[in-house]
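Numbering (the working numbering), first residue to last: 94 to 271.
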């Protein structure tokens, strides 16, 4: 087990080049929102537009695409505190992608969601990966997330890497065992 080293993400050392690194990533951390609790979703997204210095034209284009694909229109003007978990997750994912990051970290993006909300989010993640080339790093306990979204799988148990490979290899190696 390594006891030292350096993490390099997209050619950057995150703790040394924080500003440049943060500008190229998006993150959604399960139950914690990056949106402002008392503001309507649209106002939170507009604040993030200014924080990330997203040009108005790109913001409008992304907002229209995300609103359509994530079906956010009914709650764009609703305060974040009043959203259901599924609505908030959709808004958080849109917020994380407003600035067109190269890398998207998703921590349990479908946890606690109903079947319809899970499917909507999975379809959107697939679209963003395929159409924009956004790399998605996903942590999940939901096997359906893995099957729908992952080409490469890493299984870590208590800090030890147990498997690193393609999903099919994982299924071939462990699929029949209980």
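Using N, Cα and C, we set each Cβ at its ideal position, and we do this for glycine too.
Taking the CA atoms as reference points, residue 154 sits about 39 angstroms from residue 256. In the three-state reduction of the DSSP assignment, residue 258 falls in the strand class, which pools E and B. The C-beta of residue 119 has 16 or more other C-beta atoms within 10 Å across all chains shown, which makes the residue buried. Setting aside the 5 residues that flank it on each side, residue 238 is surrounded in the same chain by 203, each with a C-beta closer than 6 angstroms to its C-beta; the list follows chain order.
In terms of Cβ geometry, residue 172 and residue 132 form a close pair [threshold 8 angstroms]. In the structure shown, residue 118 adopts extended strand secondary structure according to DSSP, grouped into three states. As the crow flies, the alpha-carbon of residue 267 is around 18 angstroms from that of residue 241.
Less than 8 angstroms divides the Cβ of residue 196 from the Cβ of residue 117. When the Cα atoms are used, residue 130 and residue 146 turn out to be separated by approximately 22 angstroms. Residue 192 counts as buried, since at least 16 other C-beta atoms from the protein chains shown sit within 10 angstroms of its C-beta.
A distance below 8 angstroms between beta-carbons, with the five flanking residues on each side excluded, links residue 259 to the following residues of its chain, in chain order: 244, 245, 246. Residue 225 and residue 127 have their alpha carbons spaced roughly 22 angstroms apart. As DSSP reads the structure, residue 198 sits in a beta bridge with 120, 230. Per the DSSP secondary-structure output, residue 142 pairs with nothing in a beta bridge. For residue 246, the enclosing beta strand (DSSP E) stretches over residues 245 to 250. Partner residues in the beta bridge of residue 133, as assigned by DSSP, are 172.
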